[in-house]
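Colleague:
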């Protein structure tokens, strides 16, 4: 959503669009992403995107901790985005290496990011974290006067909120690790370890369902019919 918003604000002219149109466009993108997430073919892609977003959320908060961003020099502005990109790349590596850790980090990081943004909007309105996001994303030449004149100087409360949200991210991830002990994979999915492990998962499923299958066969198996000897047949004929 932030990327879509950034694309819009950086490509519009000085006229712009109304907030209603912008909100409706973002909402349509949300519905589209939700619908794609329901498909099994995009399930793994969604996991990867979630982990990348978790890394990006960490990188963005790091750059917003300082007045004028982490690297305030305009000539070195790209380094801020380089740091954010490295954090996102680390998130993608984490989910490939350890899927469960990647999912937990993605959920905890994006959740704490949105909570921090919500609290900061209530406390500082448009002068805190929201201003920093605009200063980071908005490079539109039509907005250059506002960007250069006002800049980004976060209040102390914004810095505290950002620092606390970064600190509680691993705590939230560990809490989810303890609360949700089972794998996040689907029942018929094999992407449940660090990498694709079809053999190990198949063995686990066989070990879990083996006793049940043997019990069912023992209950449904019919006893053999008793055989009748030739002498007994002769007696019956007489």
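In my numbering, the protein residues as written are 825 to 1062.
Even glycine gets a Cβ: it sits at the ideal position worked out from N, Cα and C.
All values derive from a computational prediction rather than experimental measurement.
(1) Going by Cα to Cα distance, which pick from 962, 861, 904 is closest to residue 972?
(2) Do residue 993 and residue 1064 have their beta-carbon atoms positioned less than 8 angstroms apart in this structure?
(3) Among residues of its own chain, excluding the 5 on either side of residue 928, which ones have a beta-carbon nearer than 7 angstroms to its beta-carbon?
(4) Which same chain residues end up closer than 8 angstroms to residue 866 when comparing Cβ atoms and leaving out the 5 residues on each side of it in sequence?
(5) Evaluate residue 1032 with the Cβ neighbour count: other Cβ atoms within 10 Å of its Cβ, from every protein chain shown; 16 or more gives buried, anything less gives exposed.
(6) For residue 942, I'd like the list of residues in its chain whose CB is within less than 7 angstroms of its CB, leaving aside the five on either flank, ordered along the chain.
(7) Identify, in the order they occur along the chain, each residue of the same chain with its Cβ nearer than 6 angstroms to the Cβ of residue 944, setting aside the five sequence neighbours on each side.
(8) Can you tell me the Cα-Cα spacing of residue 888 and residue 956, whole angstroms?
(9) For residue 1005, does the count of other Cβ atoms within 10 angstroms reach 16, so buried, or fall short, so exposed?
(10) Which runs of the beta strand (DSSP E), 3 residues or longer, sit entirely within the stretch 861 to 894?
(11) Could you round the C-beta distance between residue 989 and residue 939 to whole angstroms and report it? I think they count as a contact, below 8 angstroms.
(12) Going straight from the alpha carbon of residue 921 to that of residue 914, what length do you get?
(13) Starting from residue 1005, trace the alpha helix (DSSP H) in both directions and tell me its first and last residue.
Modeller: Straight from the coordinates:
(1) Closest by alpha carbon: 962.
(2) Nothing can be reported for residue 1064, as the shown portion of the chain is limited to 825 through 1062.
(3) 997, 1000, 1001
(4) 860
(5) Reliability of the predicted coordinates at residue 1032 is poor, the pLDDT of 47 falling under 50, and no value is obtained from them.
(6) none
(7) 952, 953, 982, 985
(8) 6 angstroms
(9) exposed
(10) As far as the stretch 861 to 894 is concerned, it has no whole beta strand (DSSP E) run of at least 3 residues.
(11) 7 angstroms
(12) 10 angstroms
(13) Neither: residue 1005 is in no alpha helix (DSSP H) and is coded neither H nor E.
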